[in-house]
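**Student:** Have a look at the structure that comes next, please.
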Amino acid sequence: MRKTILVAALVIIVLSLIISLAPKYKAVEINAKESIVKSDEDIYVTDTTYPIHGDVTFRQKGNVTVSNGVLDIRNGATLQFIQANYEKDRHFMTLNNNSKLIMENNAMLTVTPKQLDPWLKFGLTINNSELYIKDSKIAFPGWITITNSNVTIINSTITKVEEIPTVLERDDNDDCPLLYFENSNVTIINSRIEHYYECTLPEQVFVSSPSNFTFLPGVNKTFQFIPSDIEIKTDRLSAVILEITYEANESYDGKNFVQYLSKDGLYYNTSIQPQNKTDTKIFDLFSEGINNIKDLEKLCVRFENDGNVNVTFDSVRVVFSYENDITLVNSKLYAIDTYMDIDFRRGDVDPRGDVTVPTSPSTYFIDADMQHNALRVCENSEAHLYNVTVDSSETGGIPEIGNPPFISDDSSTIILYRWLDIRTTDFPGTSLDGVRVEVNLTETQSNIVLDYLGKPINKTENGKVIIPVPTDVMLPKNWPNSKFIGNYKIECYYSNYSVSSSMSFVQFPCIDEEYNTELVTVVFTKLIPEFTVNMDVSNSVMQNEVVQVNATIYNTGTTNAYNVPVIFYDNG
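So, in C-alpha cells, the structure goes:
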C-alpha cells in the first residue's frame, strides 16, 4: 500500500511539473484601444493568428516563437523588443513549420535603446515559412536568417535603430541586420536596405593548442585550435589565414611542409615549408574550403621535423574575418527599383589587421575588409537585379580601382537589368498608341517584373512602353567587371509602316539611377500629314461688299493632324 501511495504521489509531482513547464500563450488581439501594451512573457503562436493592429506599440520582453501560425502586424502597429546586456534578457523571434510573418501598412519591427545597459542586437530566424512586408520597416542591428522560405518585401525599408545612446555608439550597433537567405525565393520591390553592417574590429583569431612547440629531429606534433573570446556575428567566414612564425638555425636541412586536415578527413600540404631562418609564413585556408566556424573548430595542423636540428614554432594561429554581406545560398532573388547599401570599396584578402592584400581574379571571393559590403551569390543561386542602385558615396562615386558590389561563384548567376523606355511618335511628334514593339531579347520575361510593370511590354500605351532588358552578367571570369550584353535592336510596327533603331546602354560599373533607364524615341517619319485646299469664292467683288468664302481642307497624308490652324489672307 505504501508503494502505491509513493507511485501516485510521484505521478502527481511529474504531472504538475509538466503543466508548470507548458508554454504560455495569450490568444488576444492587440489593437488601438491602448497606445502601449507590454508583455514580460515568451509568446508562442501555434496553429492560430496573433494580430497586432492599429496605432499601438507592443513592447515584448521575451521571445516570440511562431509554429504553423501567423503573426500579423499592421495599420501603424509596432512590435518592439526590450533587451538588456545579460544573457537571459537577450531575445529572439523564430518562425517555422509553415508560419507567416505579415507586416503591412506602416508596421514596424524594432528594439528599444531606452534601457539601463540595453542590448540592441536581435535575431529573426525564419525556416520553412513566409515573410511578407509591405509599406513597413524593420529597424535593428543583428541577424535575419531565412531558410527554405518565401520572402516578399514591397515599398519597405530595412534600416538601423534611430537615436542610439552614446554608450551604445559602437560601430556594429548603428547598422541594419545581416541578411542571409538559403534555399529561399526572395522578391524585393521599390525598397531600401540602408546602413548595412560594417564594423572595425580587432583581429579575429583562433589560437593553437599548444601555442608554441619545439620540434626535435624526427618529432611530429598536431595543433588544434581554440576559439578566442570574441563575439561571432555569423558562422560564415569571408577570409581565413593560417599564420606560423618559426625559427631554425642555419644548418637546418628539413624538406617537410606543414599540413592541414581537410574536410574530407585527409591531410594535405600547405605552402609553409620551414627554412633555416626565422620567418612568418601564411597559407590561405579559405580557398581550401575552410569557410565557416565549424570548419575552424575541427581544423588540425601538423608538422614533422625531418631535419637534422630543432625547429621551433613560436606562434601558430588562424586569423579570419566573417561574412558581412547580403548572402544568397541556393536561392533566387528578384530585386526591382531597390537600393542596397553595398559598395565599390576595394577588398582585402588578408584578415590580419596590419596587412592589406587587395583581392584579385584568383581570390575575388575572399574579403576581409569589414567596411566593404557586397551581394554575395553562392551555391546555385540567381540574382536578377532591375535598376538596383548601391552606395557609391563611400568611394566618391565609381572608383578607378575597386571591387564590385555584386559577386557570384562559378555555380551562380547575377544579371543586371535596365529599363528601356521607348516613345513612339509620328513625324510631327504626336504620340502613337498601339505600336507593336519588338526587341531582340533572348530570354523570357519573369512574371514578377511583368506584374510589377502592370502593362504590356510589346505595345505602346499613350505612346510609351517600358521594357526590362538585361545589360550585364556578373561572372567570376570577368571579375571585377561584367560581361556586357547591353546592345539592342528595336523594331516598331504601326499600320503598314515599320521603323528600326539600334541603341546601347552604358556598361557596368555605371549603375546609378541615371544610367539604368535609357530613353529612345522612335519616329515614324513617313507618318506625316499633307493638306490640299479647295476654295469657292467670287472672282468679282465690289467695295464694301460682304463676301462668303467656302474652303474645304483635305488631309491626304499618312497620319492624323490635330489642332491645325487655318488662316485666311486678303491678297488684294
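Residues in the sequence shown are numbered consecutively from 33, following the working numbering.
Note that CB positions come from ideal geometry on N, CA and C, so glycine has one too.
Could you check where the alpha helix (DSSP H) with residue 284 kicks off and where it finishes?
**Tutor:** Per DSSP, residue 284 belongs to no alpha helix (DSSP H) and is neither H nor E.
**Student:** Please say whether residue 379 and residue 393 have beta carbons closer to each other than 8 Å?
**Tutor:** no
**Student:** To test your reading of the DSSP string, which unbroken beta strand (DSSP E) runs of 3 or more residues are found completely within the stretch 115 to 192?
**Tutor:** 124 to 128, 132 to 136, 140 to 143, 154 to 159, 162 to 166, 169 to 171, 174 to 179, 182 to 186, 189 to 191
**Student:** How far does the beta strand (DSSP E) with residue 469 in it reach, from first residue to last?
**Tutor:** 468 to 471 is the extent of the beta strand (DSSP E) around residue 469.
**Student:** Counting only the same chain and skipping the five closest in sequence on each side, list residues whose C-beta sits under 6 Å from that of residue 292.
**Tutor:** Closer than 6 Å at the Cβ level, and outside the excluded window around residue 292, lie 302, 333.
**Student:** Measuring alpha carbon to alpha carbon, tell me which of 169, 164, 184, 158 ends up nearest residue 176.
**Tutor:** Relative to residue 176, the option among 169, 164, 184, 158 whose CA is nearest is 158.
**Student:** If we call anything under 8 Å between Cβ atoms a contact, is residue 448 one with residue 543?
**Tutor:** yes
**Student:** Counting Cβ pairs, one atom from each stretch, are 3 or more of them under 8 Å apart for the stretch 236 to 245 and the stretch 496 to 504?
**Tutor:** no
**Student:** Compare the beta carbon distance of residue 267 and residue 326 with 8 Å and say whether it is the shorter of the two.
**Tutor:** yes
**Student:** What is the rounded straight-line gap between the Cα of residue 249 and the Cα of residue 344?
**Tutor:** Annotation: residue 249 to residue 344 spans about 11 Å, alpha carbon to alpha carbon.
**Student:** Among the candidates 79, 354, 95, whose CA atom is the shortest distance from the CA of residue 112?
**Tutor:** 95
**Student:** Whole angstroms is fine: what's the gap from residue 230's alpha carbon to residue 539's?
**Tutor:** 28 Å
**Student:** Drop a sphere of 10 angstroms on the beta-carbon of residue 363, count the other beta-carbons inside from all chains shown, and report buried for 16 or more, exposed for fewer.
**Tutor:** buried
**Student:** Residues in the same chain with beta-carbon distance under 8 Å from residue 488, minus the five sequence neighbours each way, listed in chain order, please.
**Tutor:** 497
**Student:** Please confirm whether residue 407 and residue 357 have their CB atoms less than 8 Å apart.
**Tutor:** yes
**Student:** To which residues of the same chain is residue 61 closer than 6 Å at the C-beta, ignoring the five residues directly before and after it?
**Tutor:** Note on residue 61: pLDDT 47, under 50, position unreliable in the model; no value is reported.
**Student:** Using CA atoms only, rank isn't needed, just tell me which of 339, 490, 118, 410 is closest to residue 283.
**Tutor:** Minimum Cα distance to residue 283 is reached at 339.
**Student:** Alpha carbon to alpha carbon, how far is residue 517 from residue 108?
**Tutor:** 44 Å
**Student:** Measuring only the C-alpha atoms, how far is residue 71 from residue 417?
**Tutor:** 41 Å
**Student:** Which residues share a DSSP beta bridge with residue 324?
**Tutor:** 268
**Student:** The beta strand (DSSP E) spanning residue 494 covers which residue range?
**Tutor:** Taken as a continuous stretch (DSSP letters only), residue 494 belongs to no beta strand (DSSP E), as it is neither H nor E.
**Student:** Does residue 304 come out as helix, strand or coil in the three-state DSSP assignment?
**Tutor:** coil
**Student:** Do you know offhand how far residue 436's Cα is from residue 336's?
**Tutor:** 42 Å
**Student:** Report the three-state DSSP secondary structure of residue 480 (helix, strand or coil).
**Tutor:** helix
**Student:** Based on the DSSP output, what are the partners of residue 583 in its beta bridges?
**Tutor:** 567
**Student:** Please report the straight-line C-alpha distance between residue 189 and residue 210, rounded to a whole angstrom.
**Tutor:** 14 Å
**Student:** On a Cα-Cα basis, can you pick out the residue from 442, 423, 400, 403 that is closest to residue 409?
**Tutor:** 442
**Student:** Would you mind giving the Cβ-Cβ distance between residue 354 and residue 270, rounded to the nearest angstrom? I have them listed as a contact below 8 Å.
**Tutor:** 6 Å
**Student:** DSSP three-state call for residue 414: helix, strand or coil?
**Tutor:** strand
**Student:** When you compare the CB positions of residue 455 and residue 525, do they come within less than 8 Å of one another, or not?
**Tutor:** no
**Student:** Hey, how far is the Cα of residue 87 from the Cα of residue 143?
**Tutor:** Their Cα atoms are separated by approximately 17 Å.
**Student:** Check the DSSP bridge columns for residue 547 and list the partner residues they point to.
**Tutor:** None, per the DSSP bridge assignment.
**Student:** From residue 387 to residue 486, what does the alpha carbon distance come to, in whole angstroms?
**Tutor:** 52 Å
**Student:** In three-state terms, what does DSSP make of residue 293?
**Tutor:** strand
**Student:** Kindly identify the DSSP beta-bridge partner or partners of residue 536.
**Tutor:** 519
**Student:** Span of the beta strand (DSSP E) holding residue 542?
**Tutor:** Careful: residue 542 lies outside any beta strand (DSSP E) and carries neither H nor E.
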